[in-house]
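Structure representation (structure tokens):
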């Protein structure tokens, strides 16, 4: 039988010390760490961030509640679904999210160029995972995209502690990823609040996924098919069951995710790729059941529900802001070359590089970009 558990792990990713920046953002050590962060997100599309404010207790309290919630009967959970909002609040049932990759020639071409031993598992049909979306951060005072900024859903059986637990962990992840966004901006030579200001009033989501390992616990099961994230940055806490694999920028090697205590995994999303004109690329990943998942299942000694919970947060650019390569930094070949950031776009020649960049990353409202992506993964009508 083919070994599904990758030999390489995220231990090779740079670890960024957010504490240095929080202590004194203007210190030489902090500035060096900022450059390390921007280099890592450019070269790998992912990194590990160490935040002294992160506690495992908050993550464990959150996962405990998620396990209890998803262990409820199907029909009870279904009351919390809001398909009229593209499932952008509340619960998304299993077999609803249909990954776009099997229908996307560009994605299929990426897979074709990955060495066979490092390719993602082939997925057929919608993902068997559930998801819950919980909004974190300020609502926009007004917006052209109300469906992406809907009111939150509080499950009836958890009404006494749901908001407190979700907000506590969600705000921890939100603070961490905003701090990292500042560091990345500084590392790229941007004003430090560039990304943070663009993300103000964004539809940020604490977005745990949940997979029933009693039902979908066989080795080789694809819980979330090969995909990238449509948002700006995605940040993950630790999961109790392995199975998340990521592909660094060149997609040649598959890495099994291992998050050290006190740390978080961060991946670039499509909005960051857009704003950097492709200098940063959105990172691809999958969630599967492999040998490590089964070992964790078999070594379980408590009576907790057997659900794989991801501890995931999506940071978004505000829906009413415009996505385009940032002017003076990522929009021209001259700017990219002067900052040693030039990266070729596929299929481009030296004479039409800027035209290729404009064609690939045209001006678009972030809300329209999100609506288009959601349509592609069968969550929202286009």
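In our numbering, the protein residues as written are 16 to 397. The beta carbon of each residue, even a glycine, is placed where N, CA and C say it ideally should be.
Let me confirm a value: residue 153 is counted as buried when at least 16 other C-beta atoms fall within 10 Å, else exposed. Which label applies?
It counts as exposed.
Which stretch, first to last residue, makes up the alpha helix (DSSP H) that contains residue 79?
71–85
Are the CB atoms of residue 263 and residue 60 nearer to each other than 8 Å?
Yes; because the gap between Cβ atoms is below 8 Å, this pair is in contact.
Excluding the five sequence neighbours on either side, which residues of its own chain have a C-beta within less than 6 Å of the C-beta of residue 300, listed in chain order?
261
Can you tell me whether residue 296 is buried or exposed, with buried defined as 16 or more other CB within 10 angstroms of its CB?
buried
Who does residue 24 pair with in a DSSP beta bridge?
271
Jot down the residue ranges of each uninterrupted alpha helix (DSSP H) in the region 279–304, minimum 4 residues, whole runs only, in chain order.
285–290
Let me know the beta strand (DSSP E) ranges lying completely inside the region 308–356, each 3 residues or longer, listed in chain order.
322–324 and 327–330
Buried or exposed, going by whether 16 or more other CB atoms sit within 10 Å of the CB of residue 6?
For residue 6 there is no data in the structure shown, the boundaries of the chain being 16 and 397.
Nearest-angstrom Cα distance between residue 181 and residue 269?
31 Å
Length of the line joining the Cα atoms of residue 242 and residue 46:
33 Å
Would you be able to state if there are at least three C-beta pairs under 8 Å between the region 76–95 and the region 103–121?
yes
Ordered along the chain, which non-local residues of its own chain (more than five positions away) have a Cβ less than 7 Å from that of residue 20?
271, 305, 306 and 307
Nearest-angstrom Cα distance between residue 309 and residue 234?
Distance between the alpha carbons of residue 309 and residue 234 is about 7 Å.
Is residue 165 helix, strand or coil when you go by DSSP?
coil
Cβ-heavy atom distance between residue 315 and the ligand ZN below 7 Å?
Ligands are entirely absent from the displayed structure, and the ligand ZN is therefore not among its contents.
Apply the 10 Å Cβ neighbour rule to residue 22 and answer buried if 16 or more other Cβ atoms are within range, or exposed otherwise.
exposed
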